[in-house]
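If you count by mature numbering (1 follows the signal peptide of the UniProt record, and there is no 0), then the sequence shown holds residues -22 to -1, 1 to 254, one letter each, in order. C-beta: ideal position from N, C-alpha, C; glycine also.
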Amino acid sequence: MLKLVSFLSGAALLVSTAPGFALEDEKSLAKASISFLKKNHFSEYLSLPLEHDINFRYLSRYTNQNVLSFKPVVPLKLGSDYDLIIRTIAPVYENTPLPNQEGTIRGTGDLNPTFFITPKYFDKWVLGLGPTVFMPTTSNSQYLASNKWSVGPEFAAMAILENWMYGLLTYNVYATAPDSNRIKSSQFSFQYLLAYTFDNGWYVSTNPNITANWQNDKNQKWLVPFGLGGGKTFYLGKQGFNLSSHAYYNAIRPENIGPAWQFQLEMELLFPVKSS
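Below, the structure written as structure tokens:
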């Protein structure tokens, strides 16, 4: 059907191996499960990731934030030379209260679909390019999201050399038609991937998400994390799974917002997709 994998938060959105669940399949699955774009041999599994992020000391030393994100991907074929990957991120937030506040803040964030167009004719590199959109669907624009339309280009690239994987995913979005009560914004994201996979399904990886808000003051723009993690891909019967965890320290962050530490836990369900 498709000949690539689309990346999401450091793990695969689409992976493929041939039907049958021998050890060789698990080797391929281990490689695919931490890549964000891969073609030729990664076309026959649909991945449905569920990610839980815990942001420690989010607004102050006393507050934490929990984010549960569902990240489905829909693959579509655009003729013999191109594919379309529709990736959507749907987050749900829980913020613990500040010392002078009462009650935990819970709600949905802005919905974020991305539409990657990916060519099939590169041998060593896999590339994807398309628009990403932040839709104003949050239930609390004061604490959880901007609640305004933002749009911009997103680019993805990846290469695999033996058991090593290298990649990047980056975008810059701009707020569109803000009303008088909303501040214009331009936000940047750069996520890189470096991973090593073992033949038994285990892997180690790092895929931190570096962000910048261009409207902030000079020393308040950047959030730059460093960290490491890993995981394992496996089967229970005929159901494929990928479990992973990562920990990151934000070495550079704004003073008034942004977590000091982040712990990330992800589970993926991998479903076979019939080739058309």
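Whole-angstrom Cβ separation of residue i and residue j, contact assumed at under 8 Å?
i, j, result
"Pro109", "Phe93", "6 Å"
"Tyr170", "Asn185", "7 Å"
"Pro27", "Glu244", "6 Å"
"Gln203", "Asn178", "Before going on, a small fix: residue 203 reads as Pro here, not Gln. With 8 Å as the limit, Pro203 and Asn178 do not qualify as a contact, their Cβ atoms being about 28 Å apart."
"Pro97", "Tyr60", "6 Å"
"Ser167", "Thr148", "6 Å"
"Gly85", "Asn118", "4 Å"
"Ile64", "Leu56", "Rounded, the Cβ-Cβ distance is 12 Å, inconsistent with contact."
"Asn141", "Thr175", "5 Å"
"Ala225", "Arg35", "That belief does not hold up - the Cβ atoms of Ala225 and Arg35 are roughly 14 Å apart, past 8 Å."
"Ile32", "Gln240", "7 Å"
Using a Cβ-based criterion (distance less than 7 Å to any ligand heavy atom), does residue i qualify as near the ligand GTP?
i, result
"Tyr36", "Only the bare structure without any ligand can be found here, which leaves the ligand GTP out of the picture."
For the beta strand (DSSP E) containing residue i, list its first residue and its last residue.
i, result
"Ala229", "217 to 230"
"Ile235", "Taken as a continuous stretch (DSSP letters only), Ile235 belongs to no beta strand (DSSP E), as it is neither H nor E."
"Trp142", "142 to 153"
"Asp61", "60 to 73"
"Gly85", "83 to 86"
"Asn90", "90 to 97"
With distance defined between alpha-carbon atoms, name the residue in the options nearest to residue i.
i, options, result
"Gly145", "Ala135, Leu139, Tyr152", "Ala135"
"Gln217", "Tyr226, Glu246, Asn44", "Glu246"
"Lys102", "Ser222, Leu139, Arg35", "Leu139"
"Phe249", "Arg65, Val51, Glu29", "Val51"
"Tyr71", "Pro53, Asn42, Asp59", "Asn42"
"Val45", "Asn73, Leu56, Ser25", "Asn73"
"Ser222", "Tyr60, Gln242, Phe176, Leu107", "Gln242"
"Leu89", "Ala123, Ile95, Val104", "Ala123"
"Lys199", "Ser164, Phe100, Pro131, Phe176", "Ser164"
"Val182", "Lys196, Leu201, Leu206", "Leu206"
"Ser25", "Thr66, Gly57, Thr116, Leu201", "Thr66"
"Pro131", "Trp142, Leu107, Asn141", "Leu107"
"Val111", "Tyr99, Val104, Lys126, Phe100", "Lys126"
"Leu105", "Ser47, Leu62, Ile83, Asp31", "Leu62"
"Lys196", "Leu172, Arg231, Met113, Trp180", "Arg231"
"Met113", "Gly215, Asn33, Gly87, Trp180", "Gly87"
"Leu201", "Phe100, Trp180, Gly236", "Gly236"
"Ser58", "Ile95, Phe48, His30", "Ile95"
Taking the DSSP output, what are the residues bridged to residue i?
i, result
"Asn42", "Phe34"
"Thr184", "Leu172"
"Gly108", "Glu132"
"Phe212", "Phe219"
"Pro50", "DSSP lists no partner for Pro50."
"Ser164", "Tyr152"
"Ala190", "Phe166, Trp200"
"Lys55", "Asp61"
"Gly205", "Tyr226"
"Trp239", "Phe34, Tyr227"
"Ala137", "Tyr144"
Measuring only between beta-carbons, confirm whether residue i sits less than 8 Å from chain D.
i, result
"Asn191", "The chain labelled as chain D is not found in the depicted structure, where only one protein chain is given."
Self-check item: Touching by the beta-carbon criterion (3+ pairs, under 8 Å), the stretch 190 to 197 and the stretch 208 to 219
Solution: No, the stretch 190 to 197 does not touch the stretch 208 to 219.
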